[in-house]
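Engineer: Sequential numbering of the sequence shown, starting at 1, is according to the UniProt record's numbering. Below you will find the structure I want to go over with you.
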Amino acid sequence: MSDKFCQNGNGTAAKPLTNGIVANGVDEKNEEKIAGVFYNAKEASWYTYDVLQEIANHLLARTQLRPKIGIILGTGLGSLADQLTDADYIDYQTVPHFPVSTVEGHVGRLIFGYLKGVPVMCMQGRFHYYEGYPLAKCAMPVRVMKLVGCSHLIATNAAGGLNPNYKVGDIMLMKDHINIMGFAGNNPLQGPNDSRFGPRFPNMFNAYDFKLLKKAKEIGKDIGIENNLHEGVYICLGGPNFETVAELRMLRVCGVDAVGMSTVHEITTAVHCGMTCFAFSLITNLCIPEYDLEESPCHEDIVGIGKRQESTLTELVSRMAKHIHMELKK
């Protein structure tokens, strides 16, 4: 088998820097069909500055909008994109070098439009490590947002509530995260560092901007959700399986309030390239570390909770975007 391909244990594959995942591959050197799916893990992980600039230029040529705010919509939260007006829709598969989303609830397109009058670049569908993508590839769109001109990132996700005070439908403002995948040596910033993106060793102290966090709490009070609004610590696990009881007990001891499978690598990448970040989790299920429970989380229910909270989430995100927009104009 050619060294252009290597087997991915998750059973997914793509050629380096191609659009998406393919079910079968062909060894170009030996012209042999490769069973299953393969991808070149090393080449597919790192995107050079020039490649990302090419993607950004491609997008800028397809829209007249020049937003300063990027938004990433999580599982079940994609309907917020329907609120955008005067929008340009760009499917991932039409963008050079872009991967594709394979998860239910992730449409898989970029949208340039106005969210209640504020120009934004919206990512409707993100990429997950459990889909077979390296973390650098999962977080690649954040660097594209930066090159398009975005200075701020709003990231949303669906998460399991581990804090016993949380209820399904609550919102947790992310004040910090635990990068447990990074503990194991898996970080989106691994590999050669290009100083045009950012420093070799970025400081993560104020990863979730304190001022934006304070403003979000004020907005929550204004729209009447203060009793369902929390701030806490998020952790990203690799997935796709949900957590065991023993794992949940360990995470609670570590001070984790909500558990998910995204966002951390996106925020890490955004901080690295100098973006100001705000993020929150919609609590779509409860993580109860007890063995005698009959109920367990299911992906379909998670998507449904997001749809039911659509109006609240839209109001929170749109007001935060408006606040950022007004601050940038000062």
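For each residue, glycine too, the CB sits at the ideal point set by N, CA and C. Everything numeric in this text was worked out from a predicted model, so none of it was measured.
Please determine, among W46, L147 and I154, the residue with the shortest C-alpha to C-alpha distance to G74.
Structural biologist: Per the Cα distances, I154.
Engineer: Using a Cβ-Cβ cutoff of less than 6 Å, which residues in the same chain neighbour K330 once the five nearest sequence positions on both sides are dropped?
Structural biologist: So the list is empty, once near-sequence residues are dropped.
Engineer: Please identify the residue among S151, V100 and V142 whose C-alpha is closest to the C-alpha of I324.
Structural biologist: When only C-alpha atoms are compared, the closest one is S151.
Engineer: Rounded to whole angstroms, what's the CA-CA distance from L115 to S318? Just pull it up for me.
Structural biologist: Going by the C-alpha atoms only, they are around 6 Å apart.
Engineer: Can you tell me whether C298 is buried or exposed, with buried defined as 16 or more other CB within 10 angstroms of its CB?
Structural biologist: Label assigned to C298: exposed.
Engineer: Using the Cα positions of H230 and D170, report the straight-line distance between them to the nearest angstrom.
Structural biologist: H230 and D170: Cα-Cα distance of roughly 8 Å.
Engineer: Given R126, which residues of its chain have a CB within under 8 Å of its CB, disregarding the five upstream and five downstream residues?
Structural biologist: Result list for R126: I72, L73, G74, S101, H106, C138, P141, S262 and E266, in chain order.
Engineer: In the DSSP assignment, what residue or residues form a beta bridge with T156?
Structural biologist: DSSP, once it has assigned bridges, lists F280 as partnering T156.
Engineer: Where V22 and K221 are concerned, what is the direct C-alpha to C-alpha distance, given to the nearest angstrom?
Structural biologist: Because V22 sits at a pLDDT of 38, beneath the cut-off of 50, its placement in the model cannot be relied upon, and the point is left open.
Engineer: Is it right to say residue 355 is buried, meaning 16 or more other beta carbons lie within 10 angstroms of its own, or is it exposed?
Structural biologist: Not covered by the structure: residue 355. The range shown for the chain is 1 to 330.
Engineer: Measuring straight from C-alpha to C-alpha, what distance separates N285 and R249?
Structural biologist: Rounded to the nearest angstrom, the two C-alpha atoms are 16 Å apart.
Engineer: If you scan the region 46-96 from start to end, which runs of the beta strand (DSSP E) of 3 or more residues do you find wholly inside it?
Structural biologist: Runs of the beta strand (DSSP E) inside the region 46-96: 69-73 and 85-91.
Engineer: So the alpha helix (DSSP H) I115 belongs to, where does it begin and stop?
Structural biologist: At residue 115 the sequence reads Leu, which differs from the Ile that was named. L115 -> not in any alpha helix (DSSP H); beta strand (DSSP E) instead, spanning R109 to L115.
Engineer: Which residue from L293, V144, V256 and R196 puts its Cα closest to that of N57?
Structural biologist: The candidate whose alpha carbon is nearest that of N57 is V144.
Engineer: Hey, K167 and M275: beta-carbon distance below 8 Å or not?
Structural biologist: Cβ atoms of K167 and M275: not closer than 8 Å.
Engineer: For N203, does the count of other Cβ atoms within 10 angstroms reach 16, so buried, or fall short, so exposed?
Structural biologist: Answer is exposed; the Cβ neighbour count stays below 16.
Engineer: According to DSSP, simplified to helix, strand and coil, what is N163?
Structural biologist: Three-state result, N163: coil.
Engineer: Measure the Cβ-Cβ separation of T156 and I225 and say whether it is below 8 Å.
Structural biologist: Not a contact, by the Cβ cut-off of 8 Å.
Engineer: Using the C-alpha atoms, what's the distance from A270 back to N241?
Structural biologist: So the two alpha carbons sit approximately 27 Å from each other.
Engineer: Would you report the Cα separation of L135 and L282, rounded to the nearest angstrom?
Structural biologist: Roughly 22 Å between the two C-alpha positions.
Engineer: Check N285 in the structure and name its three-state DSSP category.
Structural biologist: Strand at N285.
Engineer: Compare the Cα-Cα distances from N163 to each of R252, T63, V51 and R308 and report the closest residue.
Structural biologist: Closest by alpha carbon: R252.
Engineer: Taking the C-alpha atoms as reference points, what is the distance between D301 and S195?
Structural biologist: Whole-angstrom Cα-Cα distance: 43 Å.
Engineer: Between L173 and K211, how many whole angstroms is the CB-CB distance? I'm expecting something under 8 Å.
Structural biologist: Actually they do not touch by this definition, with Cβ atoms about 13 Å apart.
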